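This report refers to the structure that appears directly beneath it.
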Amino acid sequence: MNKIMNEQTNSNQVDPIDVLAEKIIVSAGLEALPAVEKDDFKKNISLQINRRLGLIVLDNLNDEGLAEYEKLVTAGAEINPAAMQALIAKYIPDHENKVRVGLDEFLRETL
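If you count the sequence shown from 1, position 6 lands on 1197 in our numbering, and the numbers rise without skipping.
Here it is, written out as structure tokens:
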């Protein structure tokens, strides 16, 4: 989950959402699309993955966690990934499994 939720990457890290989006493109046989269309498709799939991750988190937070989440996302324009990860770890102890199950379901629906 740490890797999936961390959208801030440096030059030595690979964004796992991009990796998953690429795997979807290959699995769907779309790697031969023209570059512009492939890039648009990848952006769309990446947004869908991020939305699914958000739903997984929201579905698994209790009322206290939802209140804390609400404060975090309304506190400023940018969400602090470390603060979000701390919230997830605090309120969803088995978050890695829940994300894995949720993304597996997403992949089944997508492919």
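From the three backbone atoms N, C-alpha and C, an ideal C-beta is built for every residue, glycine too.
It should be emphasised that the depicted structure is a prediction, and the values quoted were computed from it without experimental measurement.
Tell me the DSSP secondary structure of Asp-1206 in three-state form.
coil
Taking all protein chains shown into account, do 16 or more other C-beta atoms lie within 10 angstroms of the C-beta of Val-1290, making it buried, or fewer, making it exposed?
buried
In whole angstroms, what separates the C-alpha of Asp-1254 from that of Leu-1224?
44 Å
Of the listed residues Gln-1204, His-1286, Glu-1269, Ile-1215, nearest to Ile-1240 (C-alpha basis)
Ile-1215
Let's see if you can read the secondary structure: which residues bound the alpha helix (DSSP H) around Ile-1283?
Element bounds for Ile-1283: n/a, residue is neither H nor E.
Within the continuous alpha helix (DSSP H) that includes Leu-1263, where are the two ends?
1254-1265
Suppose you measure from the CA of Asp-1230 to the CA of Arg-1243; what does that come to, to the nearest Å?
20 Å
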